[in-house]
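What follows is one structure encoded as structure tokens, with my remarks underneath.
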Amino acid sequence: MPRTLALGTMPPIDVIIALAGYAIGAFGGVLVFIEFFQTPSYINYQSEWDDWNVDIAPSEVDEYSTAGRVGAILIALAFALEFVATLL
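Quick note: the sequence shown uses the numbering used here, first residue 137, plus one each step.
See below:
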């Protein structure tokens, strides 16, 4: 006989929200971690000369990537979910 979930065996909603917050925060943390290892757009490497160039034009600099921004938003969402789970 297959096992089914009954309403009595479900975990409380605050535990579900807390676990969702942990998962979202972990994924956001990985994205922010990846952001730290990306080379900025204003640094160029020329392999034939074994030379690094730094060309900074303020209008063209992209300091952060989309991964870092999404990761930061996910971490903020995770903190909000943990706060809500604590209040429940």
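Quick reminder that beta carbons are idealized off the backbone N, C-alpha and C, glycines included.
Excluding five sequence neighbours on each side, which residues of the same chain lie with their C-beta closer than 7 Å to the C-beta of residue i?
{"i": "Y181", "result": "W188"}
{"i": "E218", "result": "A154 and G157"}
{"i": "A203", "result": "L167, I170 and E171"}
{"i": "T191", "result": "For the sequence presented, residue 191 should be read as Asp rather than Thr. These residues qualify, in order along the chain: Y178 and N180."}
Can you give me the Cβ contacts of residue i inside the same chain, cut-off strictly under 8 Å, excluding the 5 residues immediately before and after it?
{"i": "I209", "result": "G164"}
{"i": "I149", "result": "L224"}
Closest to residue i by CA distance: which of the options is it?
{"i": "A193", "options": "S183, V220, S177 and T202", "result": "S177"}
{"i": "Q174", "options": "T140, R205, Y200 and P147", "result": "Y200"}
{"i": "V220", "options": "R205, P147 and I152", "result": "I152"}
{"i": "G207", "options": "P147, A162, T140 and A216", "result": "A162"}
Residues bridged to residue i by DSSP?
{"i": "Y185", "result": "It should be pointed out that residue 185 corresponds to Trp in this sequence rather than to Tyr. DSSP, once it has assigned bridges, lists no residue as partnering W185."}
{"i": "I179", "result": "V190"}
Within its chain, find whatever has a CB closer than 6 Å to the CB of residue i; leave out the 5 residues flanking it on each side and keep chain order.
{"i": "L223", "result": "none"}
{"i": "I160", "result": "L210, L213 and A214"}
When every heavy atom of the ligand FAD is checked, does at least one fall within less than 8 Å of the C-beta of residue i?
{"i": "F173", "result": "For the ligand FAD, the structure offers nothing, since it holds no ligand at all."}
What residue does the alpha helix (DSSP H) around residue i start on, and which one ends it?
{"i": "T222", "result": "T202 to L223"}
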